[in-house]
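Okay, so here's the structure we're looking at.
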Amino acid sequence: MDPARNVGDPAASPGAVLGVPLLLREKVIGVLFAANRRERPFADAEVALLISLATHAAIAIETASLFAEVGAHSDLMERAANAADPHGKQHRRREAR
38 MDPARNVGDP AASPGAVLGV PLLLREKVIG VLFAANRRER PFADAEVALL
88 ISLATHAAIA IETASLFAEV GAHSDLMERA ANAADPHGKQ HRRREAR
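Now the structure itself:
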């Protein structure tokens with residue numbers, strides 16, 4: 038059986054699935070899943086590891102989002118400054134000081 042052709046086929050689904058929320062300030066922004074082909078319970082250490090990974094992933098997602106937001110604001114500020122001073126006179130005066 039080709040696994041790529043059996044997506045959604047119950048016979049091809051994993052035997053054990055563990056999902057933990059990606060939380061940011063008590064808001065769920067996604068879910069991190071782990072799966073095993075064998076039907077079995079996940080050990081406490083595995084659950085703790087997945088929770089830790091989910092916490093780090095949520096922080097990384099938020100950080101990337103904040104960086105993108107800061108970059109967009111920086112571009113807007115630069116465009117506004119260039120529109121207000123198209124020849125860069127204010128910028129050159131500040132550099133000369």
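For what it's worth, the working numbering labels the leading residue of the sequence shown as 38, then goes sequentially. Beta carbons: idealized from backbone N, C-alpha and C, even for Gly.
Assuming contact is defined by CB atoms lying nearer than 8 Å, are residue i and residue j in contact in what I supplied?
i: Phe79; j: Ala53; result: yes
i: Ala91; j: Leu69; result: yes
i: Leu87; j: Ala71; result: yes
i: Leu55; j: Val84; result: yes
i: Ile66; j: Ala95; result: yes
So residue i is in the beta strand (DSSP E); what residue range does that whole segment cover?
i: Gly56; result: Ala53 to Leu61
If you follow the alpha helix (DSSP H) that residue i is in, where does it begin and where does it stop?
i: Phe104; result: Asp81 to Ala121
Can you find the residues in the same chain that come closer than 7 Å, C-beta to C-beta, to residue i, ignoring five residues on each side of it along the sequence?
i: Arg74; result: Pro51 and Gly52
i: Phe99; result: Sequence check: residue 99 is Glu here, not Phe. Cβ neighbours of Glu99 beyond the five flanking positions: Leu61.
Excluding five sequence neighbours on each side, which residues of the same chain lie with their C-beta closer than 6 Å to the C-beta of residue i?
i: Arg77; result: Ala53
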